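*Asks:*
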Amino acid sequence: MTFGPAKPAASPPAKSRGWYLPQISVMDAYLGQELTLPFVFGVGAFSSIGLSIGSLLYLVRQVAESGLPIMLALQIFALQMPYFVALAFPMSTLLATLMAYGRLSDDHEIIALRGCGISVYRLFLPALVLSLVVTGMTFLFNEVVVPSANYRASVMLDAALNGDRNDFQDTNILYNQYDDLKQPDGQEQRVLTRLFYAREFDGRQMRGLTVLDFSEGSVSQIISAETADWQPKSNRWRFYNGTIYLISQDGSYRNILRFQQHEANLPRAPLDLAQERRGTDEMNIVELNRYIDLIRPTSDAKKLRKLYVRLQQKLAFPFVCVAFALVGASLGLRIKRSGKGLGLGLSVLIIFMYYVLLFITGALGQVGALSPFVAAWSPVWVALVAGTFLLWRAAR
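In terms of the numbering used here, the sequence shown opens at residue 1162 and continues consecutively.
1) Residues in its own chain within less than 6 angstroms of Asp1341 by CB, not counting five upstream and five downstream?
2) Could you check whether the region 1251 to 1267 touches the region 1504 to 1515, counting it as contact only if at least three pairs of C-beta atoms, one from each stretch, sit closer than 8 angstroms?
3) Could you check if Ala1484 is buried or exposed, using at least 16 other CB atoms within 10 Å of its CB as the buried criterion?
4) Sorted by chain position, which residues of the same chain lie with C-beta nearer than 6 angstroms to Ala1321's C-beta, five sequence neighbours on each side aside?
5) Could you check where the alpha helix (DSSP H) with Arg1471 kicks off and where it finishes?
6) In the DSSP output, which residue or residues are listed as bridge partners for Trp1398?
7) Given a cut-off of 8 angstroms on the beta-carbon distance, is the pair Val1307 and Tyr1244 in contact?
8) Going by DSSP, which residues form a beta bridge with Ile1334?
9) Bridge partners for Leu1353 per DSSP, in chain order?
10) By Cβ distance, which residues of its chain are closer than 6 angstroms to Gln1473, with the 5 residues on each side in sequence left out?
11) Per DSSP, Tyr1282 forms a beta bridge with which residues?
12) Taking the alpha-carbon of Val1372 as reference, which of Gln1366, Leu1356 and Gly1364 has the nearest alpha-carbon?
13) Using CA coordinates, which residue listed in Leu1370, Phe1207 and Ile1237 is at the minimum distance from Val1221?
14) In the structure shown, what three-state DSSP assignment does Met1188 receive?
15) Specify the secondary structure class of Leu1212 as computed by DSSP and reduced to three states.
16) For Leu1551, which residues of its own chain have a beta-carbon under 6 angstroms away from its beta-carbon, when the five flanking residues on both sides are left out?
17) Following the continuous alpha helix (DSSP H) through Gly1548, name the residue where it begins and the one where it ends.
18) Tell me whether Phe1420 sits in a helix, a strand or coil according to DSSP, three-state version.
19) Is it buried or exposed for Ile1405, if we count other Cβ within 10 angstroms and need 16 for buried?
20) Suppose contacts are defined by Cβ-Cβ distances below 8 angstroms. Is Gly1211 in contact with Ala1249 by that definition?
Written out as structure tokens, the structure is:
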């Protein structure tokens, strides 16, 4: 009696460093493919629309009216592209889930899968994974790529239209310093303690300076100098060719001192403020946080609220991908007759509603009616709650 070659024993699941590698089911791979194609289509479609409206038309007008070189316009166009691609990521997640689950619902594949005992929540899992991946992509894009690309595009455009743009504020540097001082009644009050003004700045040295000292309740000292620069070794300002006016409580000059050089223990903040000329779209979260810390002593409450709202919006924006995935998948599961046209139309409507809500809450945050955190995150919360409710209804 002869025997054929023994069959090899079934190999155990693949391992990696002691852990079992997750096995992707056929259903997950199928749903992933259904989600990927409309997502890629959405990124192309939405970013193209944004680029056409927000960048291309403006650059074409500058080429025609201001003589902007075509090659330079193409470079600026390419640098502005990452901003609109990042904006398209959440929209594309919504479109992908709407179209994928809507198509499966149309072809009764959802009914067949549920007949096999697969729950709606399990069917949503591939969309959740996609949304989390896109959330990470959006965050990285907005932190690493978009700010530097926006800044470079802005510098190139300003240089072409208005001459070379300095990377710093070159005229009229004004810095107000506020501190909490104890008042005669024993309570602390936030008051202006110092006003720093420079007429010009060349990137290294300031010219035409005037510093008013209010630390004693009224003007107690005035420093006027031709030039001044920052001394990093001593962390002090060095003023050149100027005058110090010491003022008594009744407002009369107590003493006048002329100097060729004078070092003063003033904060570096005016120099940092002059060297920062980027807008919020040209800064990532770390840079925006640093800028807020820099201008906080100026006590410009309205500007600070606006910056805090913008900071929270930068943190909240990537997570709208998860909310849109919930909403899109839930609506796709419930729609009986869908298609690319209906999916695209619903996506545009939902996106419009989201941005209207974002605009309203952002405005309320800037005027102080809502905290910056609530103003930035409430549109995401609303979309998450709506998507969770719709998914629960679909599961029933």
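A virtual CB, placed ideally from N, CA and C, is assigned to each residue, including glycine. Computed from a predicted structure; not experimentally measured.
*Replies:* Looking at the atomic coordinates:
1) For the purposes of this step, residue 1341 is taken as residue 180 along the sequence shown, with counting starting at 1. Cβ neighbours of Asp1341 beyond the five flanking positions: Glu1349 and Arg1351.
2) In this structure the region 1251 to 1267 touches the region 1504 to 1515; the number of beta carbon pairs closer than 8 angstroms is three or more.
3) In the sequence shown, the residue the question calls residue 1484 occupies position 323. It is buried - the Cβ of Ala1484 has at least 16 other Cβ atoms within 10 Å.
4) As a working mapping, residue 1321 is identified with position 160 in the sequence shown. Excluding residues up to 5 positions away in sequence, Leu1229 and Leu1233 lie with their Cβ nearer than 6 angstroms to the Cβ of Ala1321 in the same chain.
5) In the sequence shown, counting from the first residue as 1, residue 1471 sits at position 310. DSSP places Arg1471 inside the alpha helix (DSSP H), whose first and last residues are Ala1462 to Ala1477.
6) Stepping through the sequence shown from its first residue, residue 1398 is reached at position 237. Bridge partners of Trp1398: Trp1391 and Ala1425.
7) Within the sequence shown, the letter at position 146 stands for residue 1307. Within the sequence shown, the letter at position 83 stands for residue 1244. Contact: yes.
8) Start at 1 with the first residue of the sequence shown, and residue 1334 comes out as number 173. Its beta-bridge partners are Ala1359.
9) The count along the sequence shown starts at 1 and reaches residue 1353 at position 192. Its beta-bridge partners are Tyr1339.
10) In the sequence shown, the residue the question calls residue 1473 occupies position 312. These residues qualify, in order along the chain: Pro1533, Phe1534 and Ala1537.
11) For the purposes of this step, residue 1282 is taken as residue 121 along the sequence shown, with counting starting at 1. The partner list for Tyr1282 (beta bridge, DSSP) is empty, contrary to what the question assumes.
12) Residue numbering aside, residue 1372 sits at position 211 when the sequence shown is read from its first letter. Nearest to Val1372 by alpha-carbon distance, out of Gln1366, Leu1356 and Gly1364, is Leu1356.
13) The residue you call residue 1221 lines up with position 60 of the sequence shown. Between Val1221 and the set Leu1370, Phe1207 and Ile1237, the nearest pair of CA atoms involves Ile1237.
14) Translated into positions along the sequence shown, residue 1188 becomes position 27. DSSP, read as helix, strand or coil, puts Met1188 in helix.
15) To locate residue 1212, count along the sequence shown from 1; it is residue 51. In this structure, DSSP gives Leu1212 a helical state, which the three-state scheme calls helix.
16) Within the sequence shown, numbered from 1, the residue matching residue 1551 stands at position 390. Here the set comprises Ser1491.
17) Here residue 1548 refers to the residue found at position 387 when the sequence shown is read from its first residue. Start and end: Pro1533 to Ala1556.
18) On the sequence shown, position 259 is the one that residue 1420 refers to. Per DSSP, reduced to three states, the secondary structure at Phe1420 is strand.
19) Within the sequence shown, residue 1405 is the residue found at index 244, counting from 1. Residue environment analysis places Ile1405 among the buried positions, since at least 16 neighbouring C-beta atoms fall within 10 angstroms of its C-beta.
20) Position 50 of the sequence shown, counted from the start, is the residue given in the question as residue 1211. Position 88 of the sequence shown, counted from the start, is the residue given in the question as residue 1249. Yes, they are a contact pair.
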